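With the working numbering applied, the sequence shown corresponds to residues 4 to 332, in that order.
By construction, the Cβ of each residue, glycine as well, lies at the ideal position given by its N, Cα and C atoms.
Please read these numbers as outputs of a predicted model, since none were measured by experiment.
Reviewing the structure listed below.
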Amino acid sequence: MGARAFAHRDLIAIGALERHEILYLLDEAEQWVALNRQAKKHVDLLSGLTIINAFFENSTRTLLSFEIAGKRLGADVVNMHAATSSVKKGETLIDTAVTLNAMRADAIVIRHASSGAVGLIASKVDCPVLNAGDGSHEHPTQALLDALALRYKLRERGMAADDFTGLVVTICGDILHSRVARSNILSLTALGASVRVCAPPALMPAGIEALGAQPFTDFDAALAGADVVMMLRLQNERMDGQFIPSPREYRHLYGLTAERLALAGEDAIVMHPGPMNRGVEIDSNVADLAGRSIITAQVEMGVALRMACLDVLTRRTRGVPGWADGEWV
Ligand code: CP
4 MGARAFAHRD LIAIGALERH EILYLLDEAE QWVALNRQAK KHVDLLSGLT
54 IINAFFENST RTLLSFEIAG KRLGADVVNM HAATSSVKKG ETLIDTAVTL
104 NAMRADAIVI RHASSGAVGL IASKVDCPVL NAGDGSHEHP TQALLDALAL
154 RYKLRERGMA ADDFTGLVVT ICGDILHSRV ARSNILSLTA LGASVRVCAP
204 PALMPAGIEA LGAQPFTDFD AALAGADVVM MLRLQNERMD GQFIPSPREY
254 RHLYGLTAER LALAGEDAIV MHPGPMNRGV EIDSNVADLA GRSIITAQVE
304 MGVALRMACL DVLTRRTRGV PGWADGEWV
């Protein structure tokens, strides 16, 4: 496979990827799913490389899975937490990026509260940059791991899983502030799915149809016949003012209860990127519903998918044949 399989130095946005590139990363991740299910989960593929995880926002799943992914591939992994870094002394984002670059990292994984910040850092450093979530812009590895988890679940049910054509996915929650929603709309539609987004009017971004999603404010209508229901939490950290009357009313209108799930298609799959606010956007008996909820599988797939991303994006550095002279966009 040549460089055109994935012709990018960085992974900043699903919106920058072609459908075949999304599928390539999912295909590549499958070998790592298999490895991670073995007792011995370590290879030396990235031995000698240094990966820096620079997180300017809190994280459990993304930070840990990138750290585990890098270590399982044999890289040296270092985590920079903004809360205990010189960012707290007033260092600018660009100076921080230049500092990380001077340490000759081979890949930098960044989460930042500002949309566009990760792309800005990528323009200042010499190594591949992976976006671990930037503001309300994109969270590309989340969307890719979601597609991977969905692929495995569909395959388990004996369904075609390489193409999501015909699949109806309802994404419900704080669409306005959600980078997960944005990346998932782009990736799921690229893979052929029909995507509905549902939110209270104040949490529905204007012009969402331009991304290829069908907007709803009535959750019951958005659920009718859906094959997949993806719930999102209220991003209170990004809200400036009152967007919902109360959590109680929000749950009444937009919470996924067992009764409401019954409105979706038979055996509809339940997803949530985490962290969940149980009893607000999703009830525990739905989040933990055996055979239907793939929330834990999403976490499992996160490690494998991020291993695939670290492998693919460092191939040029490692001089992998066919990748050394790749064209980057
Ligand atoms: N889904 C997700 O990004 O979770 P974390 O904030 O825990 O990384």
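- Nearest C-alpha to residue 298 among 36, 278, 33, 44: 278.
- Contact between residue 201 and residue 225 holds: CB atoms are separated by about 4 Å, below the 8 Å threshold.
- Spanning the alpha carbons of residue 66 and residue 32 requires a straight line of approximately 18 Å.
- Counting only residues of its own chain and dropping the five nearest sequence neighbours on each side, residue 190 has a CB closer than 7 Å to the CB of 17, 25, 146, 147, 150.
- In summary, residue 168 is exposed, with fewer than 16 beta-carbon neighbours lying within 10 Å of its beta-carbon over all protein chains present.
- Taking the Cβ atoms as the reference, residue 90 lies roughly 6 Å from residue 99, within the contact range of under 8 Å.
- Per DSSP, the continuous beta strand (DSSP E) segment holding residue 136 begins and ends at 132–137.
- Following the DSSP letters along the chain, one finds residue 56 inside the beta strand (DSSP E) bounded by residues 53–58.
- Nearest C-alpha to residue 265 among 289, 256, 246: 289.
- By the criterion of at least three beta-carbon pairs nearer than 8 Å, the segment 305–316 is in contact with the segment 38–52.
- Collapsing the DSSP output to three states places residue 110 in a strand.
- Taken in chain order, the complete beta strand (DSSP E) segments of 3 residues or longer contained in the segment 207–287 are 216–219, 231–234, 272–274.
- Shortest gap from the CB of residue 273 to any heavy atom of the ligand CP: 8 Å or more.
- Within 10 angstroms of the beta-carbon of residue 232 lie 16 or more other beta-carbons, which makes it buried.
- Residue 97 is classed as exposed because its beta carbon has fewer than 16 other beta carbons within 10 Å across all chains shown.
- DSSP lists 133 as the bridge partner or partners of residue 14.
- Ranked by Cα distance from residue 117, the first of 211, 107, 7, 139 is 139.
- A Cβ closer than 5 Å to some heavy atom of the ligand CP marks a residue here, and those residues are 62, 63, 64, 65, 276, 277.
- Taking the Cα positions, residue 300 is about 34 Å away from residue 107.
- Under the three-state reduction of DSSP, residue 158 is assigned to helix.
- For the set 40, 172, 177, 80, the Cα lying nearest the Cα of residue 256 is the one of 177.
- DSSP places residue 199 in the uninterrupted beta strand (DSSP E) bounded by 197–201.
- In terms of Cα proximity to residue 68, the closest of 36, 52, 88 is 36.
- Residue 165 carries a coil assignment under DSSP once its states are collapsed to helix, strand and coil.
- Cβ contact annotation for residue 81 (same chain, cutoff 6 Å, sequence separation greater than five): 55, in chain order.
- With 16 or more other CB atoms across the displayed protein chains lying within 10 angstroms of its CB, residue 173 is buried.
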